[in-house]
Amino acid sequence: MLDVQSVSVSFGGEVLFENVSFRIAAGDRIGLIGKNGAGKSTLLKLLARENSPSSGTLSLEKSCSMGYLPQELDVDDHRTVLNETYQAFPELLKIQDRQEEISAMLNTREDYESQSYQELIQELTDLGTEFEILGGYQYEAQSERILTGLGFTQTDLHQITNTFSGGWRMRIELAKILLKAHDILLLDEPTNHLDIDSIEWLEQFLTKYKGAVVLVSHDIMFLNKVTNRTVEIVNKRHFDLKKSYSEFMKLRDEMRVQQLAAQKNQEKEIQQTEKLIERFRAKASKASMAQSLIKKLDKVDRIEVDAEETQAMKLKFPVSVQPGKMIFESRGLAKSYGEKKVLHGVDLFIERGTKLAFVGQNGQGKSTLAKILVDVLEGEGELTRGHNVKIGYFAQNQSETLDPSRTILQIVEDAATNENRSRVRDLLGAFLFRGDTVDKKVSVLSGGERNRLALCKLLLQPFNVLVMDEPTNHLDIQSKLILKEALAKFEGTLLLVSHDRDFLSGLCNQVLEFKDFKTKLYLEGISAYLENKKLNSLKELEKNSPKVKKEKPKDIDYSLQKKNKSINNRLAKTETEIADLERELKAIDLELQKNYDQTISKPNFFESYENKKKLLVELMKKWEDMASEIEALNKS
Numbered sequence: 000m001l002d003v004q005s006v007s008v009s010f011g012g013e014v015l016f017e018n019v020s021f022r023i024a025a026g027d028r029i030g031l032i033g034k035n036g037a038g039k040s041t042l043l044k045l046l047a048r049e050n051s052p053s054s055g056t057l058s059l060e061k062s063c064s065m066g067y068l069p070q071e072l073d074v075d076d077h078r079t080v081l082n083e084t085y086q087a088f089p090e091l092l093k094i095q096d097r098q099e100e101i102s103a104m105l106n107t108r109e110d111y112e113s114q115s116y117q118e119l120i121q122e123l124t125d126l127g128t129e130f131e132i133l134g135g136y137q138y139e140a141q142s143e144r145i146l147t148g149l150g151f152t153q154t155d156l157h158q159i160t161n162t163f164s165g166g167w168r169m170r171i172e173l174a175k176i177l178l179k180a181h182d183i184l185l186l187d188e189p190t191n192h193l194d195i196d197s198i199e200w201l202e203q204f205l206t207k208y209k210g211a212v213v214l215v216s217h218d219i220m221f222l223n224k225v226t227n228r229t230v231e232i233v234n235k236r237h238f239d240l241k242k243s244y245s246e247f248m249k250l251r252d253e254m255r256v257q258q259l260a261a262q263k264n265q266e267k268e269i270q271q272t273e274k275l276i277e278r279f280r281a282k283a284s285k286a287s288m289a290q291s292l293i294k295k296l297d298k299v300d301r302i303e304v305d306a307e308e309t310q311a312m313k314l315k316f317p318v319s320v321q322p323g324k325m326i327f328e329s330r331g332l333a334k335s336y337g338e339k340k341v342l343h344g345v346d347l348f349i350e351r352g353t354k355l356a357f358v359g360q361n362g363q364g365k366s367t368l369a370k371i372l373v374d375v376l377e378g379e380g381e382l383t384r385g386h387n388v389k390i391g392y393f394a395q396n397q398s399e400t401l402d403p404s405r406t407i408l409q410i411v412e413d414a415a416t417n418e419n420r421s422r423v424r425d426l427l428g429a430f431l432f433r434g435d436t437v438d439k440k441v442s443v444l445s446g447g448e449r450n451r452l453a454l455c456k457l458l459l460q461p462f463n464v465l466v467m468d469e470p471t472n473h474l475d476i477q478s479k480l481i482l483k484e485a486l487a488k489f490e491g492t493l494l495l496v497s498h499d500r501d502f503l504s505g506l507c508n509q510v511l512e513f514k515d516f517k518t519k520l521y522l523e524g525i526s527a528y529l530e531n532k533k534l535n536s537l538k539e540l541e542k543n544s545p546k547v548k549k550e551k552p553k554d555i556d557y558s559l560q561k562k563n564k565s566i567n568n569r570l571a572k573t574e575t576e577i578a579d580l581e582r583e584l585k586a587i588d589l590e591l592q593k594n595y596d597q598t599i600s601k602p603n604f605f606e607s608y609e610n611k612k613k614l615l616v617e618l619m620k621k622w623e624d625m626a627s628e629i630e631a632l633n634k635s
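When we follow numbering that gives the first Met the number 0, the leftmost residue of the sequence shown carries the number 0, and every step to the right adds one.
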C-alpha cells in the first residue's frame with residue numbers, strides 16, 4: 000500500500016536517518032522503535048505526508064487512505080464531544096446540510112407540479128440513497144460506541160470539548176481517526192494519556208483492525224500485544240523484522256552475537272593471509288602467489304556488526320540538606336471541585352527516606368494529592384510539612400510547561416542558581432544535549448527530549464523530597480531504566496504516581512492505594528502489595544475499582560445545558576481567584592508575624608490589606624450564589 004524508498008532526513012546539515020526503505024502492506028501492525036530523538040515521529044510525519052524527506056521517495060497506492068494521530072493536537076473548542084467526533088464524516092455532514100436546506104425550501108413552496116419542485120424532490124431522494132450507501136444511518140451509533148470504548152460517559156458526549164484536558168481531547172481525535180476505517184493508521188504515542196481500561200480496549204481494536212497500523216510507543220506490553228512487525232531506527236540506520244518488540248530485541252541480540260563471532264573468525268583469517276603475503280613478497284619465486292593473495296583479500300566482504308545505540312543519559316538525584324524525621328503529616332485532608340468530591344479524609348504520616356507509590360484508578364485523586372502536598376493546590380483539612388523539607392516536583396505535564404520559543408540552553412540557564420550556573424553545559428551533556436544541540440529551540444524537540452530537558456531543569460534546584468507524577472511519559476525504554484536506577488539510589492524521600500508495575504517494582508517500599516475517593520496505606524513494596532491483594536498487575540487493581548454506572552441517553556434541554564456550562568465555567572474561575580487571594584493573604588499574615596513594623600510601614604498597607612479581605616468575602620458570596628444556581632438548574 001505504501002512504499003518507502005531510500006528516504007533520508009537532514010536538519011541543518013545533520014543527518015537524522017538515511018536510506019530507510021520498507022513497504023507497508025495490509026495486515027501489517029508495525030511498531031516503530033528507537034531512542035528519543037532518533038527520528039520516529041519525524042518518519043511518521045513523512046508517512047503522513049505532513050513533511051517531505053531530504054531525499055528518497057514515498058509512493059502511496061491510489062485510493063489508499065491514511066489516518067494520522069500526532070502527539071500534539073488541535074481540537075475545536077466550540078463543539079460538543081459528539082459533534083467534534085462527527086467531523087470524521089464530512090461527506091455525510093454535507094449531505095445532511097443539503098437535505099435540511101432542501102426540506103426548508105419545500106416547506107415554503109406550494110407549486111407541487113412545477114419542474115423545479117420535482118427536481119428538488121428527486122435531489123432529496125438521490126441524497127437519501129447516497130446517505131444510506133455511505134453509512135449515514137450508522138455513523139452516530141458508531142461514534143458513541145468508539146467514544147464509550149475510549150472512556151467517555153453519556154454525559155461527557157454532550158459536553159463542550161474545552162472542558163476536557165489534553166489527554167481527553169487526544170481521545171476525541173483518536174475516535175475520529177478510528178471511525179474513518181482508513182487503510183493505514185499512523186499513531187504517535189497513542190497510550191500516553193489513556194487509562195488502563197482504554198488501553199486494553201485500544202489493544203483489542205487494533206488487533207482486529209483490517210488495515211495496516213504503524214505506531215510509535217515505549218509501552219512494551221502494548222507493542223507485544225498489538226504489533227507483528229518491528230522497525231528500529233538506530234544510529235541513523237534502520238532494521239526491519241517481522242517480529243513483535245520482545246521477539247525482535249531477542250533476535251537482534253542473537254544476530255549481533257553471531258555477527259561478532261563471524262567478524263572475529265574473519266579477522267583471524269585476514270591476519271593469517273596478510274602474514275603470508277608479507278612472507279611471500281620477500282621471495283621472488285613466491286611473488287605471483289603474493290599478488291594472488293592480495294587480489295583475493297581485496298574481494299573479501301568485510302563483516303560488519305549491526306549498530307547498537309550506546310549513548311545514555313547520566314542521572315543522579317543528590318539530596319540537598321537533611322530534613323527532619325517527619326516529611327508530611329495530614330489529618331482529614333480533602334479536596335472538591337464544586338460538587339465533585341475528589342479526596343476525602345486523607346490521614347498521612349510520611350517519614351524521611353520513605354519511597355511511596357500512589358496507585359489506583361484514574362480520577363481517584365492521585366495527582367490532586369500530589370499537587371496539594373507540593374502546594375500547587377490548596378486542600379481542606381490539616382497539612383504540615385516537616386523541618387528543612389525542600390521539594391522537587393515533576394508534574395504530569397512538566398514538559399509542556401517549557402517555553403517553546405526558548406532554546407535548550409536558555410531554559411536551563413534561566414532555572415540555574417548562582418552556585419550551579421557554571422555547570423549548566425556539563426549537566427546538559429549528561430542528558431545528551433551536547434555541542435550545537437543546546438541551541439535547538441524547545442519547539443523542535445521530541446516528547447522524550449522535552450522530558451529529559453524537564454528532568455535536567457529539575458536538578459538545578461536543591462531538594463530532599465521528590466514528588467513525580469507519571470515521569471515516564473514519552474521516555475524511551477532505556478531512559479525509563481536509567482530513571483528507575485537513579486530513583487532507587489536517591490537517598491531522600493520519594494512520592495511516585497505511576498501505573499507502570501515494572502517501573503515501581505523494587506523502587507517503592509510503601510503503597511498508597513486510592514479507591515472510592517479514599518486512601519489506604521500499605522507498608523510493603525508494590526510486588527508484595529499486589530501478591531497480597533491477589534492481583535497479577537496494576538491493571539487488575541484498576542479493573543476491580545467500582546465502575547461508574549453509565550447514564551442512559553435522555554432528552555437534553557440544550558438551553559439549560561448551555562446556561563449550566565456557563566455558570567460552571569464562571570464558578571471554576573471564581574474558585575481560582577479565591578485560591579490565589581487566600582494564598583496572598585496567607586503570605587501577608589506570615590510577613591506580619593515575622594516583621595510587623597517593616598510590613599505595616601509599606602505605603603497604603605492597611606488599605607490594600609482590607610481591600611483584599613473584602614474582595615475575598617465578595618468572591619465567597621459570589622461562589623455560594625453560583626453554586627445555588629447550579630443546584631437549582633440540576634433539579635429542574
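Built from N, CA and C at the ideal position, the CB exists for glycine as well.
Sort the options by Cα distance to residue i and report the nearest one.
i	options	result
residue 518	376, 193 and 369	369
residue 411	348, 427 and 404	427
residue 627	337, 56 and 459	337
residue 215	209, 239, 207 and 185	185
residue 454	228, 269, 401 and 476	401
residue 235	18, 430, 589 and 382	18
residue 449	463, 488, 403 and 417	403
residue 4	83, 54, 27 and 240	54
With a CB to CB cut of under 6 Å and the five nearest residues on each side skipped, what residues in its chain are close to residue i?
i	result
residue 446	70 and 473
residue 637	As displayed, the chain neither begins before 0 nor continues past 635, which places residue 637 out of reach and without an answer.
residue 50	44
residue 64	181 and 182
residue 56	4
residue 59	1
residue 379	333
Report all residues from its chain with a CB closer than 7 Å to the CB of residue i; omit the five preceding and five following residues, and keep chain order.
i	result
residue 108	116
residue 341	334, 335, 364, 367 and 516
residue 122	101
residue 244	30, 32, 219, 222, 223, 226 and 229
residue 188	70, 215, 216, 446 and 473
According to DSSP, what are the bridge partners of residue i?
i	result
residue 605	In the DSSP output, where bridge partners are listed per residue, residue 605 has none listed.
residue 381	330
residue 8	16
residue 138	Answer is none; residue 138 lacks a bridge partner.
residue 30	214 and 229
residue 56	4
residue 324	Residue 324 is not bridged to any residue.
residue 406	440
residue 356	495 and 510
residue 391	465
residue 345	332
Let's test the definition: count the other Cβ atoms within 10 Å of the Cβ of residue i and tell me whether it reaches 16, buried, or not, exposed.
i	result
residue 178	buried
residue 594	exposed
residue 128	exposed
residue 425	exposed
residue 190	buried
residue 471	buried
residue 663	Because the chain is modelled from 0 through 635, residue 663 falls outside the range shown and cannot be assessed.
residue 87	buried
residue 459	buried
residue 513	buried
residue 528	buried
residue 375	exposed
residue 555	Because residue 555 carries a pLDDT of 38, less than 50, the predicted location of this residue cannot be relied on, and no value is offered for it.
residue 89	exposed
residue 583	exposed
Within the same chain, show all residues whose beta-carbon is closer than 8 Å to that of residue i, passing over the 5 residues directly before and after it, in chain order.
i	result
residue 323	351, 385, 386, 387 and 388
residue 272	292, 295 and 296
residue 573	618, 621, 622 and 625
residue 438	406, 407 and 408
residue 349	325, 326, 327, 328, 355, 492 and 494
residue 24	0 and 211
Ordered list of alpha helix (DSSP H) runs contained in the segment 169-253, each at least 4 residues: Runs of the alpha helix (DSSP H) inside the segment 169-253: 195-207 and 219-225.
Complete runs of the beta strand (DSSP E) confined to the segment 445-525 [at least 3 residues]: 464-468, 492-496, 509-514 and 517-521
Complete runs of the alpha helix (DSSP H) confined to the segment 63-117 [at least 4 residues]: Correct list: 80-84 and 89-106.
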